[in-house]
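Residue numbers (the working numbering), protein chains in the order written: chain A, 125 to 235; chain B, 28 to 143.
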């Protein structure tokens, strides 16, 4: 079965608030993690990535945190905007040739 | 210009038919993929090609056959379509094959297949 994420949960936040989307993985050999955003009717789009030798990486308004001890990955979005409404996927590379996608989290941003 | 383009965007067909989905990327990438996304948004890899060579072949029915005429194209042919094949199929490409360095994948807009 798949190792990453949970069944599709939903997160609802107020515009301007910070969002935190969580992801669990089970393969301790995974060496690379990526977050993707999928808007309605479109394909997934790269947001940010992190290697397993790091525990934090920041981009524009987004931060990814990696806790290898508990096999947990999170995506933080600062000052969430309506355009952030989408399904967010975490993905892990299993140390080999395969990238495994999590089940996704749907983010609703209330204006 | 669209980086990864798939055609058609929508495909409605009867059970038992044979259909193809085409994918082209103009990013100069070496690796291309096919994914299937079900109604619950679960995204599962089906195939991956690197420089026209098959490197990932997940457990999919052999009714699904990928073909890569060159490294910019990866097509998916499906024989004897079944109701359970209804899904959104995504093509993607990346510069590095999975397992080496980073692996940022660029996705097409998807092909929504409905089997009636």
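Virtual Cβ for every residue (Gly too), placed ideally from N, Cα, C. Being a predicted model, the structure only gives us computed values, none of them experimental.
C-beta atoms of residue i and residue j nearer than 7 Å
i	j	result
residue 222 of chain A	residue 138 of chain A	no
residue 161 of chain A	residue 171 of chain A	yes
residue 121 of chain B	residue 58 of chain B	yes
residue 187 of chain A	residue 212 of chain A	no
residue 198 of chain A	residue 146 of chain A	yes
residue 40 of chain B	residue 46 of chain B	yes
Residues bridged to residue i [DSSP beta-bridge criterion]
i	result
residue 215 of chain A	A/158 and A/225
Minimum Cβ-Cβ distance from residue i to chain A less than 7 Å
i	result
residue 138 of chain B	no
Residue i - DSSP class collapsed to helix/strand/coil
i	result
residue 96 of chain B	strand
residue 179 of chain A	coil
residue 208 of chain A	helix
residue 112 of chain B	helix
residue 42 of chain B	coil
residue 170 of chain A	strand
residue 119 of chain B	strand
From the options, residue whose alpha carbon lies closest to that of residue i
i	options	result
residue 74 of chain B	B/89, B/65, B/142 and B/113	B/89
residue 79 of chain B	B/95, B/103, B/129 and B/139	B/95
residue 215 of chain A	B/135, B/50 and B/129	B/129
residue 137 of chain B	B/43, B/102, B/107 and B/131	B/102
residue 51 of chain B	B/40, B/39, B/76 and B/43	B/76
residue 84 of chain B	B/142, B/62 and B/140	B/62
C-beta neighbour in chain B for residue i, strict 7 Å
i	result
residue 211 of chain A	yes
residue 148 of chain A	no
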